[in-house]
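Using my numbering, the letters of the sequence shown map in sequence onto residues 311 to 454.
Idealized CB from N, CA, C, for every residue including glycine.
In this text the structure is predicted, and so the values were computed from the model without any measurement.
Just below is one structure, and these are the notes that go with it.
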Amino acid sequence: METGKPVTITVETIVHSPVESVWTYWTEPKHITQWNTASEDWHTPHAENDLKVGGKFLSRMEAKDGSFGFDFTGVYDNVSINEVISYTIPDGRKVEVKFFRQDNDTKIITVFDAETINAVEMQQAGWQAILDNFKKYVETSPEE
Numbered sequence: 311m312e313t314g315k316p317v318t319i320t321v322e323t324i325v326h327s328p329v330e331s332v333w334t335y336w337t338e339p340k341h342i343t344q345w346n347t348a349s350e351d352w353h354t355p356h357a358e359n360d361l362k363v364g365g366k367f368l369s370r371m372e373a374k375d376g377s378f379g380f381d382f383t384g385v386y387d388n389v390s391i392n393e394v395i396s397y398t399i400p401d402g403r404k405v406e407v408k409f410f411r412q413d414n415d416t417k418i419i420t421v422f423d424a425e426t427i428n429a430v431e432m433q434q435a436g437w438q439a440i441l442d443n444f445k446k447y448v449e450t451s452p453e454e
């Protein structure tokens with residue numbers, strides 16, 4: 311039975327870095343290309359980010375062996391520096407990423423509408439893997 315309300319999935323992590331640094335690593339294309347992958351056999355060779363309401367982003371995600379790739383794109387609905395980013399992707403699904411200052415750490419909570427092709431557990435695992443890669447990248451990078 312179709313209810314019209316999408317299933318939402320939540321992933322989260324705590325990054326051991328101040329929210330201002332976390333925001334920079336999350337939003338700047340030179341960093342996005344370093345962490346935006348769910349597994350070692352994928353990468354993001356190109357990213358664009360016009361971080362403002364109505365602005366667009368693009369992350370080119372590709373298998374390293376060249377067998378598959380796609381553009382992950384969206385339009386920003388809300389941007390509040392160091393606090394929240396929300397956007398809509400082309401199929402109409404919504405994503406919200408919240409950043410919470412916790413002393414010198416930052417808690418990130420991402421909530422997104424599930425798509426209907428892949429299992430919810432698979433989607434959650436993929437988005438969590440990307441978030442885990444982000445955490446590792448920030449925590450092992452020199453301070454900006």
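- Per DSSP, reduced to three states, the secondary structure at LYS362 is coil, with no helix or strand assignment.
- Pairing ILE324 with ASP423 gives a Cβ-Cβ distance that is not under 7 Å.
- DSSP places HIS356 in the strand class (E or B) of the three-state scheme.
- Taken through DSSP and simplified to helix, strand or coil, ILE440 comes out as helix.
- Remark: C-beta atoms of LYS362 and VAL332 do not approach each other more closely than 7 Å.
- Ranked by how close their Cα comes to the Cα of LYS417, the residues VAL329, LYS315 and VAL317 have VAL329 in first place.
- A residue is called buried once 16 or more other Cβ atoms fall within 10 Å of its Cβ, and MET371 is buried on that count.
- The C-beta separation of ILE399 from VAL405 comes to about 7 Å, placing the pair in contact by the 8 Å criterion.
- Using a 10 angstroms sphere on the CB of THR426, the tally of other CB atoms stays under 16, which defines it as exposed.
- The C-alpha of ILE342 lies about 10 Å from the C-alpha of THR334.
- THR420 sits buried, since 16 or more C-beta atoms from the chains shown fall within 10 Å of its C-beta.
- Taking C-beta atoms as the reference points, LEU368 and THR383 count as a pair closer than 7 Å.
- Here ALA373 is exposed, its C-beta having fewer than 16 other C-beta atoms within 10 Å.
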